[in-house]
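Numbering (this note's numbering) for the sequence shown: 1012 to 1359. C-beta: ideal position from N, C-alpha, C; glycine also.
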Amino acid sequence: MASFKKIIKSKSLKTAPTQQKAYQAKKGGFIIKNKQVKVKLKKDLKNMRLITHTDLDGVMCAALITCVEQIDVIKFVDPGTIQAKKMHITKEDIIADLPFDSRAGMYFDHHEAGKPDKEFVGKFEVAPSAARVVYDYYENPYLEKFLPALEETDRIDSGRVKREEVREPKGWFLLSNTFEMAEEKSEDDAYRKFVVKLLRREQDIEKILDVERVKERAEQVLDNFEVFSRMLKENTKMIGKVAFSDFRGVSGLPKGNNFLVYSLFPQAITSVRIMPEREGKDFVKISAGHNIYGKKCELNVGEMMKKYGGGGHRAVGGASLPKEIAEEAAMEMVAKINKFEEAEENGK
Ligand SMILES: [Mn+2]
């Protein structure tokens, strides 16, 4: 496959004269101004960004992509940030494991409900992880060393996590729980970048978990587990067959894993939760997921989220919504799921 840099270079050469013309028209077109334009374009070219998700899949995408592309900056963001078009995105950006933005130069994703409706460079495929899509796209033998790690990323990102694992996280699942822990997002970002570098030279999970910076977080994950379980119990109620958790106004909520709710509320078919949004105080995040250990619910959560500007897969999805309408939207979802299940049961 053609590397991103080559594609971008040819594109930039094509667009440069037009940009210069526009600039000249605006500023009067002095030679010196022309030079400024050139300098700016050169600087932009150097600044190749990878915009990827904050989770293990996003980190794995970064490990793979930075091996085969010249990336200068890695940005870790939530899907809501892309959804809300809050970010300035250019052709020098690669987006992975996040919603589609047609301004990007390259795009990789695997979310069923997010299939781009425009042409783009990169690859979209309904797959267990976005990292798998990246791997398939490059067909690069150098990336083969990541295969065992990819298997685990596939398994975790598609929710194939065992009940025992949820109660006692270890291995790759434990690592996947270390990415969102710090008070400040920038601290988590620095840690993610550290893990990206680490993954490029080490793929043995026991050795990864033994690296001091990872070890510290992994131990913290296990400590937080108890606190999270208690808060989850306190802030969750069953509404029909849905476990509804409301974490708005809960302070000191440690990051816990998304599957624990099914362990504590085994009767739930689906879980819906409201969380404060980390990257914008006027918004909250609503996520929903089917009980991975329970009866298979056929309602497509990703499709359901589209109505609220979100997305996802059949079994799990989310949306970022303005604070004021979040509760109403969450209740609408809960009702929809219950109604769907009732109809399913009556049909049998
Ligand atoms: Mn993913």
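Proximity test, residue i beta-carbon vs ligand 1 heavy atom, cut-off 7 Å
i       : result
Ser1298 : no
Asp1089 : no
Asp1068 : yes
Asp1364 : The structure shown does not extend to residue 1364, since the chain is modelled only from 1012 to 1359, so the question has no answer here.
Ser1187 : no
Asp1168 : yes
Gly1160 : Looking at the sequence shown, residue 1160 is not Gly but Ala. No.
His1064 : yes
Asp1108 : yes
Ala1124 : no
Ser1256 : no
Ala1141 : yes
His1301 : no
His1121 : yes
Spatial distance of residue i from residue j (CA atoms)
i       : j       : result
Lys1086 : His1099 : 12 Å
Lys1334 : Val1295 : 6 Å
Leu1067 : Ile1076 : 14 Å
Glu1356 : Cys1308 : 11 Å
Pro1287 : His1122 : 23 Å
Arg1211 : Glu1163 : 16 Å
Val1079 : Thr1101 : 20 Å
Ile1093 : Asp1199 : 19 Å
Thr1065 : Asp1089 : 6 Å
Val1232 : Val1172 : 17 Å
Lys1347 : Asn1058 : 45 Å
Lys1051 : Met1315 : Residue placement at Lys1051 cannot be trusted, given a pLDDT of 44 that sits under 50; what the coordinates show is reported in the next sentence. So the two alpha carbons sit approximately 43 Å from each other.
Arg1203 : Glu1353 : 43 Å
Phe1351 : Lys1218 : 46 Å
Asn1311 : Gly1323 : 9 Å
Tyr1304 : Pro1139 : 18 Å
Glu1136 : Arg1224 : 34 Å
Gly1039 : Ser1197 : Model confidence at Gly1039 stands at a pLDDT of 32, short of 50, so the residue's coordinates are unreliable; what they give is reported in the following sentence. When rounded, the distance between both Cα atoms is 42 Å.
Gly1328 : Cys1072 : 20 Å
Local conformation of residue i per DSSP, three classes
i       : result
Ser1362 : One cannot answer for residue 1362 here, as it falls past the ends of the chain, which runs 1012 to 1359.
Asp1165 : helix
Tyr1118 : strand
Pro1110 : coil
Met1098 : coil
Asp1215 : coil
Asp1147 : helix
Asn1299 : The identity of residue 1299 in the sequence shown is Ala, whereas the question assumes Asn. Looking at Ala1299 - three-state DSSP - the assignment turns out to be strand.
Leu1186 : helix
Asp1083 : coil
Val1283 : strand
Asp1293 : coil
Arg1224 : helix
Phe1351 : helix
Pro1333 : strand
Met1059 : coil
Phe1258 : coil
Lys1181 : coil
Gly1313 : helix
Met1071 : helix
Gly1320 : coil
Val1272 : helix
Val1253 : strand
Minimum C-alpha distance to residue i - residue among the options
i       : options                               : result
Ile1336 : Ile1297, Val1312, Gly1328 and Ala1326 : Ile1297
Met1249 : Val1272, Leu1233, Lys1266 and Tyr1319 : Val1272
Glu1245 : Asp1234, Gly1251, Lys1252 and Gly1260 : Gly1260
Leu1185 : Gly1069, Leu1220, Tyr1202 and Lys1126 : Leu1220
Ala1299 : Ser1256, Lys1266 and Pro1265          : Ser1256
Arg1174 : Leu1275, Glu1338 and His1324          : Leu1275
Pro1180 : Ala1160, Glu1230, Val1283 and Lys1292 : Glu1230
Ile1216 : Leu1061, Gly1182, Asn1151 and Val1207 : Gly1182
Asp1234 : Arg1178, Ala1074, Gly1125 and Gly1116 : Arg1178
Lys1306 : Ile1285, Ala1279, Lys1292 and Ala1330 : Ala1279
Gly1313 : Ala1326, Tyr1304 and Asn1302          : Ala1326
Glu1195 : Ala1138, Pro1277, Lys1266 and Ile1303 : Lys1266
Glu1227 : Phe1205, Arg1241, Glu1213 and Thr1189 : Thr1189
Asn1268 : Lys1252, Ser1113 and Val1238          : Val1238
Ser1113 : Phe1131, Lys1097 and Lys1126          : Phe1131
Lys1156 : Met1117, Arg1166 and Gln1214          : Gln1214
Ile1082 : Leu1332, Gly1116 and Pro1110          : Gly1116
beta-carbon residue i near ligand 2 non-hydrogen atom, thresh 7 Å
i       : result
Phe1294 : Ligand 2 is not part of the structure shown, which contains ligand 1 as its ligands.
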